[in-house]
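**Q** My questions will all concern the structure given below.
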Amino acid sequence: MSATVSIRRWTGSSGDPTKTDITSINTRANAEDAHSTAGTSNSILIPEAGSNYSYWVNTRLSVDTISGGTVDNIKWYSDGSNGFGTGVTCVGNSADDYVQATGTPGETGDVLNETNNTELTAAPTDVFGFTSASPKSITGSASTTGDVGQFFVYQMVIGTTAGSGATNQETFTWQYDDTSS
């Protein structure tokens, strides 16, 4: 039987984070450290100058069931085309451990960089550069249940030319090998 693996979004304190299963639902990047599928009460404000940011979104795989095998060769990628709209970009990279997102709720998150998130493996880059042909490799493997591999952490960047309202949706993909029976 194949392993059952879910995608979890981590929010809240580093000591006791909330791990929400987002495998078959959407998750919204807002100006708050909370999972939401449709909430707009803490939208990211369009700045008069410069950029505003979502709180960064921490995602990680979790092995829910496995029998006699390994989950490994983990990859993360986008469709390669930014469909969020004018003035909206998305940056991200892998991280070795969880760091709670911070910022000013209802306005902007703190910028995702190696100073604010010291667990990042490299500086954040445009997530649409990670494609099925050139995915981000995520270190880690598991032969038992529980969290597996590094995190992929991303952040929405909102510029002055962004339109008001919700952006278009995008799909990000986690891929892995499963040798369980």
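Numbering of the sequence shown is given in my numbering, commencing with residue 3 and proceeding in unit increments. Just so you know, even glycine gets a beta-carbon here, dropped at the ideal spot from N, CA and C.
Cβ atoms of Gly108 and Ile160: under 8 Å apart, would you say?
**A** Not closer than 8 Å, so no.
**Q** Compute the Euclidean distance between the alpha carbons of Asn32 and Ser53, then round it to the nearest angstrom.
**A** Straight-line Cα distance between these residues: approximately 14 Å.
**Q** Whole angstroms are fine: how far does the CA of Ser166 sit from the CA of Ser8?
**A** If you take the alpha carbons of Ser8 and Ser166, they lie about 32 Å apart.
**Q** Can you have a look at Asn28 and say buried or exposed, based on whether 16 or more other CB atoms are within 10 angstroms of its CB?
**A** That one is exposed.
**Q** Which residues bound the beta strand (DSSP E) around Leu114?
**A** Unbroken run through Leu114: none, as it is neither H nor E.
**Q** Assign Met158 to one of two classes, buried (16 or more other C-beta atoms within 10 Å of its C-beta) or exposed (fewer than that).
**A** Met158 is buried by the Cβ-count criterion.
**Q** Taking 8 Å as the threshold (C-beta atoms), are Asp98 and Gly105 in contact?
**A** Their beta carbons are not under 8 Å apart, which means Gly105 does not touch Asp98 by this criterion.
**Q** Taking Ala97 as part of the beta strand (DSSP E), name the residues at either end of that continuous run.
**A** Val90 to Ala97 is the span of the beta strand (DSSP E), which, as asked, contains Ala97.
**Q** Starting from the C-beta of Asp66, find all residues in its chain whose C-beta is less than 6 Å away, skip the five residues before and the five after it, and write them out in chain order.
**A** These residues qualify, in order along the chain: Thr6 and Ser8.
**Q** Taking C-alpha atoms, which residue in Ser4, Met3, Arg10 and Ser15 lies nearest to Val101?
**A** Here the closest residue by C-alpha is Ser15.
**Q** Contact defined as beta carbons within less than 8 Å: I believe Ser182 pairs with Gly71. What is the distance between those atoms, to the nearest angstrom?
**A** Right, the Cβ-Cβ distance comes to about 3 Å (below 8 Å), so this counts as a contact.
**Q** In angstroms, rounded to a whole number, what distance separates the CA positions of Thr39 and Ser69?
**A** If you take the alpha carbons of Thr39 and Ser69, they lie about 32 Å apart.
**Q** Near Asp81, what residues of its chain come up, given a Cβ to Cβ distance below 6 Å and the 5 sequence neighbours on each side ignored?
**A** Correct list: empty, nothing qualifies.
**Q** Just grab the DSSP bridge partners of Leu122 for me.
**A** In the DSSP output, where bridge partners are listed per residue, Leu122 has Ala97.
**Q** Could you give the first and the last residue of the continuous beta strand (DSSP E) run that contains Ser58?
**A** Strictly speaking, residue 58 in this sequence is Trp, with Ser absent from that position. Segment: none, Trp58 is in no beta strand (DSSP E) and carries neither H nor E.
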